[in-house]
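Just below is one structure, and these are the notes that go with it.
Shown next, in the form of structure tokens:
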């Protein structure tokens, strides 16, 4: 449990920074297609040697349809959809709507596909988390930022894809490293497709921004964070692990306020408190009555 919580905490920190960096570039040269390509390059090339060494075992254990399904829900399509949402909406919106939706969707999918019936304590925790993240994102989603509503459908679709990835890993019992390897390496074919489509935009970006994005999209997020999340799912289960991601709205909102100068209202502070309380209720094991 402790190891799983530590892996989840690492994911929260990295993903929060990822949202801030992605938003800062999404409105410039490095849009969603470019960041999806950088993610495939950075993560895929790092894990390519391991894939070449283990692909026969992976195919024998999982089969190509399962492997391609994981790429479909957690590969370039996911990145492209999420970053496109950040083009229309502030970082605090993307950092609230997507992570807050993942636990609920994962709980429903895990119940349907895995038979992981949520406990009353976990349902209560999810309800409190929902109330908290609603407070955090209400001001912006309600219209304080004109046109930001256009990002909401992208964030919800991205949340559904990531929830599916979470449950599929658990259902197919694929290890964190194997899942990360499959998604990263099998995403590489997207790179030449992007190059033919709008590859010149990568050449237009400043070298410093390109390198920072490559590091964040590749090793930090595409490899380490994906592996840490997959391992946490293996250790703690799909529902409990996905609930930890509800901390991302708290960290993202604070970083957006500090780095991007996005407004932080009192209602958002209340939402953060509710989110933390909900996470503690949903993640920490419940006490069992002794006879």
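Numbering (my numbering), first residue to last: 212 to 502. Even glycine gets a Cβ: it sits at the ideal position worked out from N, Cα and C. Since the structure is predicted, the reported quantities are computational estimates derived from the model, not experimental observations.
Tell me whether residue i sits in a helix, a strand or coil according to DSSP, three-state version.
| i | result |
| --- | --- |
| residue 458 | helix |
| residue 384 | coil |
| residue 327 | coil |
| residue 242 | coil |
| residue 398 | coil |
| residue 300 | coil |
| residue 273 | coil |
| residue 472 | coil |
| residue 489 | helix |
| residue 286 | coil |
| residue 482 | helix |
Considering residue i, what are the terminal residues of the alpha helix (DSSP H) in which it resides?
| i | result |
| --- | --- |
| residue 415 | 411-415 |
| residue 428 | Segment: none, residue 428 is in no alpha helix (DSSP H) and carries neither H nor E. |
| residue 214 | 213-237 |
| residue 445 | 437-447 |
Which term fits residue i, buried or exposed, when burial requires 16 or more other beta carbons within 10 angstroms of its beta carbon?
| i | result |
| --- | --- |
| residue 389 | buried |
| residue 301 | buried |
| residue 419 | exposed |
| residue 219 | buried |
| residue 274 | exposed |
| residue 411 | exposed |
| residue 268 | exposed |
| residue 264 | exposed |
| residue 381 | buried |
| residue 503 | Missing from the structure shown is residue 503; the chain here goes from 212 to 502 and no further. |
| residue 214 | exposed |
| residue 326 | exposed |
| residue 328 | exposed |
| residue 212 | exposed |
| residue 184 | Since the first residue of the chain shown is 212 and the last is 502, residue 184 is not available in this structure. |
| residue 501 | Caution applies to residue 501, whose pLDDT of 41 falls short of 50 and renders its modelled position unreliable; the value that the coordinates give is listed next. Classification for residue 501: exposed. |
Please indicate yes or no: does the CB of residue i lie closer than 7 Å to some heavy atom of the ligand ADP?
| i | result |
| --- | --- |
| residue 338 | You won't find the ligand ADP in this model; it holds no ligand whatsoever. |
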